[in-house]
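So the structure is just underneath, and the comments pick up after that.
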Amino acid sequence: NITASNYNSSGILTTGTINGQTATITTVNSGFSTSGITTIYTALNIAASGTIGIGTNNPNADIHIRDASNGASIQLTSDGNNESYVSIGRSVTRNANNGELRFGNPSPSYTYSTSSSFDIINYGIGNVNHYLQLGSSGVGTGNFNWIYGQNYNTPIMTLSYGGRLGIGITNPVNTLHVVGTSTVTSNAFVGGNLNVSGNSTINGTLTATNFTASSLTGTFNGFLSGNVNSTGVSTFNNIRVTGISTIGPVSV
Numbered sequence: 016n017i018t019a020s021n022y023n024s025s026g027i028l029t030t031g032t033i034n035g036q037t038a039t040i041t042t043v044n045s046g047f048s049t050s051g052i053t054t055i056y057t058a059l060n061i062a063a064s065g066t067i068g069i070g071t072n073n074p075n076a077d078i079h080i081r082d083a084s085n086g087a088s089i090q091l092t093s094d095g096n097n098e099s100y101v102s103i104g105r106s107v108t109r110n111a112n113n114g115e116l117r118f119g120n121p122s123p124s125y126t127y128s129t130s131s132s133f134d135i136i137n138y139g140i141g142n143v144n145h146y147l148q149l150g151s152s153g154v155g156t157g158n159f160n161w162i163y164g165q166n167y168n169t170p171i172m173t174l175s176y177g178g179r180l181g182i183g184i185t186n187p188v189n190t191l192h193v194v195g196t197s198t199v200t201s202n203a204f205v206g207g208n209l210n211v212s213g214n215s216t217i218n219g220t221l222t223a224t225n226f227t228a229s230s231l232t233g234t235f236n237g238f239l240s241g242n243v244n245s246t247g248v249s250t251f252n253n254i255r256v257t258g259i260s261t262i263g264p265v266s267v
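The opening residue of the sequence shown carries number 16 in the numbering used here; numbering runs sequentially from there.
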């Protein structure tokens with residue numbers, strides 16, 4: 016055991032336990048080596064040009080974790096009513112120009128961000144972008160999938176890489192493909208043709224420049240302008256004819 020306020024080593028230090036307030040490593044090759052557990056109680060300072068390699072002697076980043084056998088991992092766990100977060104960005108202030116992954120928000124000010132919620136946060140004023148296949152091009156590009164964990168083999172919503180959004184379907188064939196009932200509480204605009212394979216119920220006013228129907232059943236009340244071709248019984252209170260009309264036998 017080595018207990019000291021300051022300890023300077025220019026070579027390789029091999030020891031079981033080091034007890035101290037601050038451990039300062041100037042470079043990665045300064046000779047700090049341990050095969051057991053190293054406990055730093057106050058601070059571990061590594062120079063700005065230094066790197067940390069876990070499972071690798073040639074780290075490609077400031078911190079590089081490599082596990083060729085079991086899969087690399089980082090786990091953050093907070094006890095009690097505390098949050099866990101990873102913050103990345105350009106500011107030393109957490110909620111400034113940074114982005115953040117957070118779990119377990121303890122503040123009750125956010126309706127949907129709770130102690131059991133996972134949040135993706137951008138504290139800055141920029142975008143939150145989701146890139147798909149930003150690397151080299153190839154075949155077999157995937158989709159953006161929203162999956163409910165209790166039915167993880169069937170996504171509840173899918174956005175294909177080609178820009179087709181499917182709700183209730185994983186392979187949408189149109190730009191918007193909805194399987195199930197859809198509700199529009201405000202205006203809906205259709206720039207092309209509208210095809211309805213089932214019944215259509217209109218509770219308000221139907222306005223059409225041209226209206227063509229192979230069969231029309233119901234009661235019409237109002238002003239009708241144009242040609243009317245009827246093969247059944249039609250009842251009109253007032254008829255004004257400005258063109259040529261052919262009327263068959265009339266029963267009075």
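Don't be surprised by glycine CBs; every beta carbon is placed ideally from N, CA and C.
Would residue i be called buried (16 or more neighbouring beta carbons within 10 Å of its own) or exposed?
i: residue 187; result: buried
i: residue 120; result: buried
i: residue 175; result: buried
i: residue 181; result: buried
i: residue 173; result: buried
i: residue 184; result: buried
Residue i lies in the beta strand (DSSP E); which residues open and close that run?
i: residue 173; result: 172-174
i: residue 100; result: 99-104
i: residue 59; result: 58-61
i: residue 134; result: 133-137
i: residue 193; result: 191-193
i: residue 113; result: 113-118
i: residue 180; result: 180-182
i: residue 160; result: 159-161
i: residue 68; result: 67-69
i: residue 78; result: 78-80
Quick check: what's the CA-CA separation for residue i versus residue j?
i: residue 171; j: residue 127; result: 20 Å
i: residue 236; j: residue 122; result: 59 Å
i: residue 161; j: residue 167; result: 9 Å
i: residue 177; j: residue 159; result: 11 Å
i: residue 56; j: residue 137; result: 32 Å
i: residue 260; j: residue 190; result: 47 Å
i: residue 60; j: residue 54; result: 13 Å
i: residue 22; j: residue 84; result: 36 Å
i: residue 246; j: residue 217; result: 24 Å
i: residue 196; j: residue 215; result: 13 Å
i: residue 228; j: residue 124; result: 55 Å
i: residue 234; j: residue 200; result: 27 Å
Look at residue i and residue j and say whether their C-beta atoms are less than 8 Å apart.
i: residue 157; j: residue 147; result: yes
i: residue 81; j: residue 98; result: no
i: residue 78; j: residue 67; result: yes
i: residue 113; j: residue 141; result: no
i: residue 96; j: residue 130; result: yes
Of all Cβ atoms in chain D, is any one closer than 8 Å to the Cβ of residue i?
i: residue 245; result: Checking the listed chains, one finds no chain D in this structure; it contains a single protein chain.
Do the segment 78-93 and the segment 102-111 touch if we need at least three Cβ pairs shorter than 8 Å? Output reads no: the segment 102-111 does not touch the segment 78-93.
Quick check: the segment 221-235 against the segment 200-210, are at least 3 beta-carbon pairs closer than 8 Å? The segment 200-210 is not in contact with the segment 221-235.
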